[in-house]
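J.: In UniProt numbering, the protein residues as written are 1 to 506. Ideal placement from N, C-alpha and C gives every residue a C-beta, glycine not left out.
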């Protein structure tokens, strides 16, 4: 058969149908994708989700959920059992110190034991020679110290006065030492009478997910309280997740659209807060809610309204207006939110405040999770960044490139040795803490106007420490000030210490 005698080959019906189907499918995907893309951009205006629990988050976010499960955040509050209790409940006891003004000085006033599968802390009665046992309902913490709670008939979870120190391997009266009150039997009982010993009305706000106080009396002896999840769960930081789950599970197109917006446009994912994609003020509010103790002291009502994510009726999602509102009164002695005499943050509850006071936060974009892994909250975000090292120097060098090129010329210390790393002088250990039952110091996050031996000369080394004296104990603050002046010039004069003003030298 010649070529001209051949009939043209027509598309088979099946192929025509396949092309038609592909065209329709492509159109549907295109329209659906565009709709999902647009819809994903509208979720900020329709945020009114419910809490679902961290287990639901783990269905998709398996790696981060696994990291979180092993973290102190996840295991902060637990039922007492062999796996959660770190204190001695076999032969545990607490004696008043020999120098106590109490007639029972040196004697056992508390015993810790197990009975019928339950854990008890028994305190000596203040008037009779007998012990009153309190069954432990919850344990709080385990890394540094462990706190014990019992439940009263009125529904209040009450904080017991003794805690276990993992470092000292013994019981100690945490709040007694924190407040500096005399260690007596009466004081131990008084610790359970204070309003803030009602754990589920105060402390629980940072230890559970979505604390709701439905009823309570004025004396804080009766309460009806609920929460979504025990421990610091996913939704503590990301906000309620029901709409996020529903959106992601409703269609694979939604997931693709959200992935594209998140990774290519840098947009937050749908219906849930992602601090890394939020404005700095909202992002830092997530941490401030629990790590900004001085803010809470002045604004308890505000904290009860805060919720991460997108503001819905009756809620707020930005605490930044309150970050610096509490005055840094020089010499403040309020437990955990103390202030040095030169106006710098001192107590462990001021760690977040010290960062907020820094130029690194106010003038740049430094955020907590640059250094701290938020899912493994005691782990480093980058290996080596939590220690004075070349790694942490490189982090600072992202902004301070002129110094990073020749750190020895700036620090006047040999490169690679003590004093040559940014943290040595700009993040000295000047934050006091009693976390383990032993007074220790953590690194300040202020990172401004340091080192400052002039403050130690002015107020005394015990009232205003400086980074130079931390290493050079053989030199007086005055001698160190003279060296500092030769190297970097004379420090600026501040207000007189009797003016009672905040020293605004940040």
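Comparing alpha-carbon positions, which option in 183, 85, 165 lies nearest residue 98?
T.: Within the chain shown, the letter at position 98 stands for residue 98. The shortest Cα separation from residue 98 among 183, 85, 165 belongs to 183.
J.: Relative to the C-alpha of residue 420, which residue among 399, 387, 237 is closest?
T.: The sequence position of residue 420 within the chain shown is 420, counting from 1. The shortest Cα separation from residue 420 among 399, 387, 237 belongs to 387.
J.: Could you tell me how far apart the beta carbons of residue 242 and residue 86 are, in whole angstroms, since I believe they sit closer than 8 Å?
T.: The residue labelled residue 242 in the question sits at position 242 within the chain shown. The residue labelled residue 86 in the question sits at position 86 within the chain shown. Rounded, the Cβ-Cβ distance is 35 Å, inconsistent with contact.
J.: Beta-carbon within less than 6 Å of residue 492's beta-carbon, same chain only, minus the 5 sequence neighbours each way: which residues are those?
T.: By one-based count along the chain shown, residue 492 stands at place 492. Counting only Cβ-Cβ distances below 6 Å, and skipping sequence neighbours, we find nothing.
J.: Residue range of the alpha helix (DSSP H) that residue 213 falls in?
T.: Here residue 213 corresponds to residue number 213 of the chain shown, with the count starting at 1. Element bounds for residue 213: not the alpha helix (DSSP H) but the beta strand (DSSP E), 212-216.
J.: Whole alpha helix (DSSP H) runs in the stretch 161-234 with 4 or more residues, listed along the chain?
T.: 174-179, 185-191
J.: For residue 96, which of helix, strand or coil comes out of DSSP?
T.: The count along the chain shown starts at 1 and reaches residue 96 at position 96. In this structure, residue 96 counts as coil in the three-state DSSP scheme.
J.: Determine which residues share a DSSP beta bridge with residue 444 and list them.
T.: Position 444 of the chain shown, counting from 1, holds the residue named residue 444. Listed as beta-bridge partners of residue 444 by DSSP are no residues whatsoever.
J.: Please report the straight-line C-alpha distance between residue 81 and residue 90, rounded to a whole angstrom.
T.: Taking the chain shown and counting its residues from 1, one reaches residue 81 at position 81. Taking the chain shown and counting its residues from 1, one reaches residue 90 at position 90. Between residue 81 and residue 90, the C-alpha separation is close to 13 Å.
J.: Could you spell out where the beta strand (DSSP E) holding residue 454 opens and where it closes?
T.: Counting from 1 along the chain shown, the entry for residue 454 is found at position 454. Looking at the DSSP string, residue 454 is not in any beta strand (DSSP E); the run it does join, the alpha helix (DSSP H), is 453-459.
J.: For residue 375 versus residue 67, is the C-beta spacing smaller than 7 Å?
T.: Taking the first residue of the chain shown as 1, we reach residue 375 at position 375. Taking the first residue of the chain shown as 1, we reach residue 67 at position 67. For residue 375 and residue 67, yes; Cβs fall inside 7 Å.
J.: In the structure shown, what three-state DSSP assignment does residue 37 receive?
T.: Along the chain shown, read from residue 1 onward, the residue named residue 37 stands at position 37. Bear in mind that the predicted position of residue 37 carries a pLDDT of just 49, short of 50, making it unreliable; the figure below should be weighed with that in mind. Looking at residue 37 - three-state DSSP - the assignment turns out to be helix.
J.: Check whether the Cβ atoms of residue 232 and residue 73 lie closer than 7 Å to each other.
T.: Here residue 232 refers to the residue found at position 232 of the chain shown. Here residue 73 refers to the residue found at position 73 of the chain shown. Yes, these two residues count as a Cβ contact at 7 Å.
J.: Relative to the alpha-carbon of residue 490, which residue among 476, 454, 467 has its alpha-carbon at the smallest distance?
T.: Within the chain shown, the letter at position 490 stands for residue 490. Comparing Cα-Cα distances from residue 490 to each of 476, 454, 467, the minimum goes to 454.
J.: Buried or exposed: where does residue 286 fall if 16 or more other Cβ atoms within 10 Å of its Cβ makes it buried?
T.: Here residue 286 corresponds to residue number 286 of the chain shown, with the count starting at 1. Residue burial annotation: residue 286 is buried, with at least 16 other C-beta atoms found within 10 angstroms of its C-beta.
J.: Do residue 457 and residue 475 have their C-beta atoms within less than 7 Å of each other?
T.: Numbered from its first residue, the chain shown carries residue 457 at position 457. Numbered from its first residue, the chain shown carries residue 475 at position 475. For residue 457 and residue 475, no; Cβs fall outside 7 Å.
J.: Helix, strand or coil, according to DSSP, for residue 401 in the structure here?
T.: Translated into the one-based positions of the chain shown, residue 401 becomes position 401. It is helical.
J.: Please work out which residues of its chain come closer than 6 Å, Cβ to Cβ, to residue 486, disregarding the five sequence neighbours upstream and downstream, and give them in chain order.
T.: To locate residue 486, count along the chain shown from 1; it is residue 486. Same-chain partners within the cutoff: there are none.
J.: Strictly by DSSP, which residues pair up with residue 380?
T.: For the purposes of this step, residue 380 is identified with residue 380 of the chain shown, where counting begins at 1. 372, per the DSSP bridge assignment.
J.: Is there contact between the stretch 150-168 and the stretch 177-195, where contact requires at least three CB pairs shorter than 8 Å?
T.: yes
J.: Please report the distance separating the alpha-carbon of residue 423 from that of residue 115.
T.: Sequence index remark: in the chain shown, residue 423 carries index 423 (1-based). Sequence index remark: in the chain shown, residue 115 carries index 115 (1-based). Cα to Cα, the separation comes out at about 49 Å.
J.: With distances taken Cα to Cα, identify the nearest neighbour of residue 347 among 401, 267, 433.
T.: Here residue 347 refers to the residue found at position 347 when the chain shown is read from its first residue. Nearest of 401, 267, 433 to residue 347, Cα basis: 433.
J.: Pull up the distance between the alpha-carbon of residue 412 and that of residue 463, whole angstroms please.
T.: Within the chain shown, numbered from 1, the residue matching residue 412 stands at position 412. Within the chain shown, numbered from 1, the residue matching residue 463 stands at position 463. One C-alpha to the other measures close to 26 Å.
J.: Measuring only the C-alpha atoms, how far is residue 431 from residue 254?
T.: As a working mapping, residue 431 is identified with position 431 in the chain shown. As a working mapping, residue 254 is identified with position 254 in the chain shown. Distance between the alpha carbons of residue 431 and residue 254: 47 Å.
J.: Among residues of its own chain, excluding the 5 on either side of residue 356, which ones have a beta-carbon nearer than 7 Å to its beta-carbon?
T.: Position 356 of the chain shown, counted from the first residue, corresponds to residue 356. Cβ within range, chain order: 323, 324.
J.: Along the chain, where does the beta strand (DSSP E) containing residue 148 start, and where does it finish?
T.: Along the chain shown, read from residue 1 onward, the residue named residue 148 stands at position 148. Unbroken beta strand (DSSP E) run through residue 148: 145-151.
J.: Starting from residue 356, trace the alpha helix (DSSP H) both ways and give me its first and last residue.
T.: As a position in the chain shown, residue 356 is number 356, starting the count at 1. Run containing residue 356: 351-356, per the alpha helix (DSSP H) assignment.
J.: From the DSSP secondary-structure annotation, give me the bridge partner or partners of residue 114.
T.: Position 114 of the chain shown, counted from the first residue, corresponds to residue 114. DSSP output for residue 114 lists 119 as bridge partner(s).
J.: Under 7 Å, do residue 314 and residue 273 count as touching if we go by C-beta distance?
T.: Reading the chain shown from its first residue, position 314 is the one you call residue 314. Reading the chain shown from its first residue, position 273 is the one you call residue 273. Not in contact: residue 314 and residue 273 (Cβ atoms no closer than 7 Å).
J.: So, using beta-carbon positions, are residue 345 and residue 237 closer together than 7 Å?
T.: As a position in the chain shown, residue 345 is number 345, starting the count at 1. As a position in the chain shown, residue 237 is number 237, starting the count at 1. Against a cut-off of 7 Å, the Cβ pair of residue 237 and residue 345 comes out as no contact.
J.: Leaving out five residues on either side along the sequence, give the residues of the same chain with a beta carbon under 7 Å from the beta carbon of residue 202.
T.: Taking the chain shown and counting its residues from 1, the one referred to as residue 202 is at position 202. Answer for residue 202: 196, listed in chain order.
J.: May I ask you to report which of helix, strand or coil DSSP gives residue 86?
T.: Within the chain shown, numbered from 1, the residue matching residue 86 stands at position 86. In this structure, residue 86 counts as coil in the three-state DSSP scheme.
J.: Have a look at the DSSP bridge pairing and note the partners of residue 391.
T.: By one-based count along the chain shown, residue 391 stands at place 391. Residue pairing from DSSP leaves residue 391 without any beta-bridge partner.
J.: Let me check understanding here. Comparing Cα to Cα, which of 256, 300, 316 lies closest to residue 283?
T.: In the chain shown, residue 283 corresponds to position 283, counting from 1. Answer by Cα proximity: 316.
J.: Have a look at residue 407 and residue 415 and give me their C-alpha separation to the nearest angstrom.
T.: Against the chain shown, residue 407 aligns to sequence position 407. Against the chain shown, residue 415 aligns to sequence position 415. Taking the straight line from one Cα to the other gives about 7 Å.
J.: Which stretch, first to last residue, makes up the alpha helix (DSSP H) that contains residue 264?
T.: One-based indexing of the chain shown puts residue 264 at position 264. Start and end: 252-264.
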